[in-house]
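Residue numbers (the working numbering): 37 to 397. Data block below; observations after.
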Ligand code: NAD
């Protein structure tokens, strides 16, 4: 019997390679905005200047810090309120979108988001803020951008290794959404198509970083993945990565790229239907082998040790993760399991050892 409740988030989503400048100006005009807060880091200065040229009045906030420290959010909120901003245009990766969301959360100012990575934050109503080494996340309709402008040209400046890690972050939205607390058949369909688009797009980027086709496919997969994730909520994988990012300040995309096979190995055999969907999406025998083949093709980062986690941090990290991971996770788990996942990901040892079969005596 088919029965589920699915909530669809309302956004206007534009795809158009090479069209970001016109699209931003058009959207500002359509919204009748007069005082625009442009949130973007120094890397996006050219595009930001171009966008600002067409505006009667705009102000820029460029203090972008990963995981949105509360102090940065408060400074940006002060700028927005002193300027009486009526629209936020954010141009950048997930950290930039995250800062725009932090402003929208307390002011209700609408956001036009122009992503330049595959993080996917622009298509979710999830905000994240870090205070005293703890990353808090929440859901609020005010932080969902009203408009998303996807322009693949803006992602072509990503170094290939960052494009690969960022794309694996998007792929993690797909995988986790197969077993997260509110997973449903719509999220699962989006996730499967998202994995297909991301796998082919990311392989295309690595094969020829100068061809736009791979970036277009990866951006399309990014959007599908984020819609699935926003609807399904965070599963084991995202909760682990939030702890590692928020408390140990590990870089977001590489952390996701490293942890994903370990959570996949731990969970997949406990959910045969999800595992079969993963296998179909990857065109592989099972979910884990398809993911590992992709990670090999992308030369994905392998160990949490290589990105700065200390072995002595694992017990504390495991306790924080244990408290955060939903109890609805398909395979039952305790502190020892979370420690095993973190230890294997720290060392970069074979993920298959965490699977039920790999674990068999
Ligand atoms: P990021 O925004 O921190 O960017 C990583 C680096 O890439 C930065 O140095 C940035 O300047 C650079 N960069 C961005 N675009 C570039 C481009 N086109 N070319 C060259 N360099 C570029 O990292 P991210 O992985 O995009 O986002 C991570 C953040 O997003 C985390 O804080 C994470 O929690 C958040 N996030 C939130 C959600 C959500 O739904 N709320 C979803 C995904 C990620």
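Yeah, the Cβ is synthetic: ideal placement off N, Cα and C, and Gly gets one too.
Between residue 146 and the ligand NAD, is there a pair consisting of the residue's CB and a ligand heavy atom that are separated by less than 8 angstroms? Not under cutoff, so the answer is no.
Measuring only the C-alpha atoms, how far is residue 9 from residue 365? The question about residue 9 has no answer, for the chain in this structure spans 37 to 397.
Please determine if the stretch 115-135 and the stretch 147-156 are in contact, where contact requires at least 3 C-beta pairs separated by less than 8 angstroms. By the Cβ rule, the stretch 115-135 counts as touching the stretch 147-156, because three or more pairs are nearer than 8 angstroms.
Helix or strand or just coil, what does DSSP make of residue 127? The answer is strand: DSSP assigns residue 127 an E or B state.
In the structure shown, what three-state DSSP assignment does residue 165 receive? Three-state DSSP puts residue 165 in a strand.
If you follow the alpha helix (DSSP H) that residue 333 is in, where does it begin and where does it stop? Membership of residue 333 in the alpha helix (DSSP H) is indicated by the continuous run 323-333.
Compare the Cα-Cα distances from residue 7 to each of 268, 291, 372, 176 and report the closest residue. A question about residue 7 goes unanswered here, because the residues of the chain that appear run from 37 up to 397.
Determine the burial state of residue 106: buried for a count of at least 16 other Cβ atoms within 10 Å of its Cβ, exposed for fewer. Under this definition residue 106 is an exposed residue.
Find the nearest neighbour of residue 67 within the set 146, 114, 102, judged by alpha-carbon distance. By alpha-carbon distance to residue 67, the top candidate from 146, 114, 102 is 146.
Under the three-state DSSP convention, the category residue 399 falls into: Limits of the chain in this structure are 37 at one end and 397 at the other, which puts residue 399 out of reach.
Can you tell me whether residue 73 is helix, strand or coil according to DSSP? Three-state result, residue 73: strand.
Own chain partners of residue 273 with C-beta closer than 7 angstroms, once the 5 adjacent residues on each side are dropped: For residue 273, same chain residues with a beta-carbon under 7 angstroms away, outside a window of 5 residues either side, are 208, 211, 212, 295, 296, 299 in chain order.
Residue 235 by DSSP, collapsed to three states: which one? Here DSSP, grouped into helix, strand and coil, assigns residue 235 to helix.
Can you tell me where the beta strand (DSSP E) with residue 116 in it begins and where it stops? Residue 116 -> not in any beta strand (DSSP E); alpha helix (DSSP H) instead, spanning 106-119.
Residues near residue 369 in its chain [Cβ-Cβ closer than 6 angstroms; skip 5 each side]: Counting only Cβ-Cβ distances below 6 angstroms, and skipping sequence neighbours, we find nothing.
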